[in-house]
Amino acid sequence: MAEVVLSHVGKVYTDGTRAVADLNLEIVDGEFLVLVGPSGCGKTTALRMVAGLEDISEGSVAIGGRVVNKMPSRDRDVAMVFQSYALYPHLSVRDNIGFGLKLRKLPKDEINSRVADAAEVLGLAEHLDRKPRNLSGGQRQRVAMGRAIVREPQAFLMDEPLSNLDAKLRVQMRAEIGRIQRDLGVTTIYVTHDQTEAMTLGDRVAVMRKGVLQQIAPPQVLYDRPVNLFVAGFIGSPAMNLVHATLERGDGGDFTVAVGDQRLQVSEKVLSERPDLERYVGKAVIVGVRPEDMEDATVAGDAEGRTLTAPTNLVEPMGSDVMAHLTLAARAAVTEDIKELAEDDGGRVLDESATTTTIIARFSPRTELQVDDEAKVYVDTDRLHYFDPDDGTAIWGDDNPATTTTPNTSQGTTEGEST
Amino acid sequence: MAVATQPREPAGVDENGSAGKPARGTRPVSGGASGDSAVNVFSHTVLIGWSILVMIPFLWALVASTKTSREIFGDPWALPASPQWSNFSSAWDKGVGDYLLNSLIVVSGGVLLTMLLGSMTAYVLARYEFRGNRFIYYLFAAGMMFPVFLAIVPLFFVVQNLGMLSTYHGLILVYVAYSLPFTVFFMHSFFRTLPTSVAEAAIMDGASHTGVFFRVMLPMAKPGLLSIAIFNVLGQWNQFVLPAFLSPEKPVLAQGIATLLASQRYEGDWGALFAALTVAMVPVVVVYLVFYRQVQAGLTGGTLK
Chain A
336 MAEVVLSHVG KVYTDGTRAV ADLNLEIVDG EFLVLVGPSG CGKTTALRMV
386 AGLEDISEGS VAIGGRVVNK MPSRDRDVAM VFQSYALYPH LSVRDNIGFG
436 LKLRKLPKDE INSRVADAAE VLGLAEHLDR KPRNLSGGQR QRVAMGRAIV
486 REPQAFLMDE PLSNLDAKLR VQMRAEIGRI QRDLGVTTIY VTHDQTEAMT
536 LGDRVAVMRK GVLQQIAPPQ VLYDRPVNLF VAGFIGSPAM NLVHATLERG
586 DGGDFTVAVG DQRLQVSEKV LSERPDLERY VGKAVIVGVR PEDMEDATVA
636 GDAEGRTLTA PTNLVEPMGS DVMAHLTLAA RAAVTEDIKE LAEDDGGRVL
686 DESATTTTII ARFSPRTELQ VDDEAKVYVD TDRLHYFDPD DGTAIWGDDN
736 PATTTTPNTS QGTTEGEST
Chain B
64 MAVATQPREP AGVDENGSAG KPARGTRPVS GGASGDSAVN VFSHTVLIGW
114 SILVMIPFLW ALVASTKTSR EIFGDPWALP ASPQWSNFSS AWDKGVGDYL
164 LNSLIVVSGG VLLTMLLGSM TAYVLARYEF RGNRFIYYLF AAGMMFPVFL
214 AIVPLFFVVQ NLGMLSTYHG LILVYVAYSL PFTVFFMHSF FRTLPTSVAE
264 AAIMDGASHT GVFFRVMLPM AKPGLLSIAI FNVLGQWNQF VLPAFLSPEK
314 PVLAQGIATL LASQRYEGDW GALFAALTVA MVPVVVVYLV FYRQVQAGLT
364 GGTLK
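Chains A and B supply the protein sequences, listed in that same order.
Add 335 to a position in the first sequence, counting from 1, and you land on the number used in this note's numbering.
Add 63 to a position in the second sequence, counting from 1, and you land on the number used in this note's numbering.
As structure tokens, then:
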């Protein structure tokens, strides 16, 4: 078990494409770090550089205090779980798990007992003599895990290990991976494009985009204080609603956000939290609101200056809550970040010229809202997010930990980062 | 399904609706099926014709090996009055035993070495990038197009100068050189199809390059290895020209049979000739019968994702 430190790591392929730029990560001993981002963001490349499967073009990687740039994989003492499991098809489960130990010439008894222990932990005990082709997807995944566990390495590297499983199994294995990692306390770097996995598993989550680290923070911080539009839009499902708005200061000194023709009042508390907002008064901003920060006003009660009205175009009852798709009369925020997120989302069409935006609100199941109703939406204005429309950075103040370094080029430092 | 019995039910959902109105929907499918069966009949006819063409000479030689010379010429298609097993012993007396041994030694040595060197070369060419990789690969590919007859005279002198004429190792080395190009070509494409992640997993598990090859990639390439091994066994077993020039003192089966055939003018023991032919054919058939299932299973099973 060891800490893994990436300093100024970059990767440029021989054809000149840059996959990773100036990546700085400090993963402490026993930490579970998740690298997340849309496909092609460099997360897998970063992981493979730590594994030694990819040359490091710039910077250095240190595992347990040793710089490993020139060290072959097998001497780095890290174990990897692959997306495709990469089991040895000609070997039994027992030999698959014990393969690494056998290569290290451990005594047979030792190998057998360690394989048996790992199989016990993973519930593979009765499948030890089967070949991988006779196993289900979940079992294969376990064998891949077993192969990593049994080596008792300095660090686990996991490259989207759950993405080949069906939804139900994925949830189950996700919990299992979390449990195993906690029990063993092995430093883990986990790559995924699934933000749910990232949020549920990670002690800290690092969001990457086009080879550049956007923000690294514990999941809740990432969710509550995204440093820019990209992180805001990427983390959370359904995604944060983002619309163009203007900040205004009324005659009485009260602070309002104009969304289309409608106005939301913002408390002084928000201003003291985000002193930089002062500089945006009278200017355009992008306002973000999470679906759960909205509620049907007929359920939540009317609150002066904190409601929006919008026609309903779809109501999706989920049992625990109701997803309402509303057509808000305000211009949708379309920036490079958002376009990229939309692309990752299966090519969702964005219309920059549209004067309305479809927003998704998570309402209580007690709502009686119907399609085509004019919804009155209570908005928790204390929890609105504000972004600069030009560079997409979150508007805070200098004292905010999430913005101490320039977003978009480097990481936003957080509490966890300094350890 | 209930809906199928009420085809006029208007409220059928799409999937049910298609189940309820099968007649029109299935016609083109059944038409396609009958088209398929036409193709089937055709291809099976061709295949049956082909197998007859292959089987009849084989069986005929087999039957002839148990007949007397008089029976062979008197009634070529008839079964022997009483099986003449002595044909085999007289063939054996004429040196077939030695020829068989020579063939077995040379072919097993040649195939083993071909497989080892060929798969190693193909693996490196398929999975490592280095300067000259393509050049070496094309050199092997060109080797496939080079007719060995053109080289037979210089080859003879090379082998003679090395003092390897009529030796097992001399013939084995020449066989290996002769078989390598196609083996490399075939295994190259096979190694390319194997998933990289498995090799990477082995590297992460601590395997060296050699370890990855021998412990992981070679076993995974088993179906390809078996196919090309059978191909090489056949090719080397059937060699006549190369041993005729390079191993006149230690003849292999093909030479031995040619000698037997030539001597028929004086001896007239055709039964023994066919017995020798049978001895030459049977090992090949056995090799094929033993391995074809594994080859098929390997090729259809595919790699594990």
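Backbone N, C-alpha and C define an ideal beta-carbon position, used for all residues, glycine too.
Being a predicted model, the structure only gives us computed values, none of them experimental.
Runs of the alpha helix (DSSP H) lying entirely within the region 459–544 of chain A, each at least 4 residues long, are 472–484, 502–519 and 530–536 in chain order. In the DSSP annotation of this structure, the continuous segment of the alpha helix (DSSP H) that includes Pro306 (chain B) starts and ends at Val304 to Leu309.
Checking the DSSP bridge columns, you'll see Gln550 (chain A) partnered with A:Val542. Taking 8 Å as the upper bound for CB-CB distance, Met280 (chain B) and Phe248 (chain B) are not in contact here, some 17 Å apart.
Per the C-alpha coordinates, the member of A:Ala632, A:Leu500, A:Asp611 and A:Gly640 positioned closest to Asp596 (chain A) is A:Gly640.
Leu309 (chain B) and Met227 (chain B) have their C-alpha atoms spaced approximately 8 Å apart.
Val650 (chain A) sits away from Leu582 (chain A), with the two beta carbons spaced by 8 Å or more.
Judged by DSSP in its simplified three-state form, Lys618 (chain A) adopts coil rather than helix or strand. Restricting attention to A:Gln489, A:Val669 and A:Asp559, the CA atom closest to the CA of Val684 (chain A) is found in A:Val669. Ala490 (chain A) is positioned such that its CB atom lies closer than 8 Å to that of Thr522 (chain A). DSSP, read as helix, strand or coil, puts Thr642 (chain A) in strand. One finds Arg409, Gly435, Leu438 and Arg439 in chain A with Cβ atoms closer than 7 Å to the Cβ of Gly269 (chain B), taken in chain order.
Each residue's CA atom was taken as its position, placing Trp333 (chain B) and Thr129 (chain B) some 10 Å apart. For Ala483 (chain A) against Leu422 (chain A), the beta-carbon gap comes to about 12 Å, at or over 8 Å, which does not count as contact. Legend: CB atoms of the region 233–260 of chain B lying less than 7 Å from CB atoms of chain A belong to residues Pro258 and Ser260.
According to the DSSP secondary-structure assignment, Thr728 (chain A) is paired through a beta bridge with A:Asn563.
Scanning chain B for C-beta atoms nearer than 9 Å to the C-beta of Leu388 (chain A) yields Glu263, Ile266 and Met267, reported in chain order. Using a Cβ distance threshold of 8 Å, Leu340 (chain B) and Ile320 (chain B) count as a contacting pair. Nearest CB-CB separation between Val279 (chain B) and chain A: below the 8 Å threshold.
From the beta-carbon of Met283 (chain B), the residues of chain A found nearer than 9 Å are Tyr423, Pro424 and His425. The C-beta separation of Arg539 (chain A) from Pro561 (chain A) comes to about 14 Å, leaving the pair out of contact by the 8 Å criterion. In chain order, Leu438 make up the part of chain A whose C-beta sits under 7 Å from the C-beta of Gly274 (chain B). Residue burial annotation: Ala635 (chain A) is buried, with at least 16 other C-beta atoms found within 10 angstroms of its C-beta. Taking 8 Å as the cut-off, the beta carbon of Leu370 (chain A) is found closer than this to the beta carbon of Leu382 (chain A).
Interface flag for Arg465 (chain A) against chain B is unset, since no Cβ pair is found closer than 8 Å.
Around the CB of Thr690 (chain A), fewer than 16 other CB atoms lie within 10 Å, so the residue is classed as exposed. Counting C-beta atoms within 10 angstroms of its own C-beta, Pro311 (chain B) has fewer than 16 neighbours from the protein chains shown and is therefore classed as exposed. Between Arg482 (chain A) and chain B, the shortest Cβ-Cβ separation is below 8 Å. What Ala414 (chain A) touches in chain B, judged by beta-carbon distance under 9 Å, is Met267 and Asp268, going in chain order.
Taking every protein chain shown into account, the CB of Met384 (chain A) has 16 or more other CB atoms within 10 angstroms, so this residue is buried. When secondary structure is reduced to three states using DSSP, Leu661 (chain A) falls in the strand class. Nearest to Arg584 (chain A) by C-alpha distance, out of A:Val578, A:Gln600 and A:Val566, is A:Gln600. Contact check for Met415 (chain A) against Ala386 (chain A) passes: the beta carbons are separated by less than 8 Å. Under DSSP, Leu719 (chain A) shares a beta bridge with no residue.
A buried status is given to Gln516 (chain A), since no fewer than 16 other beta-carbon atoms sit within 10 Å of its beta-carbon.
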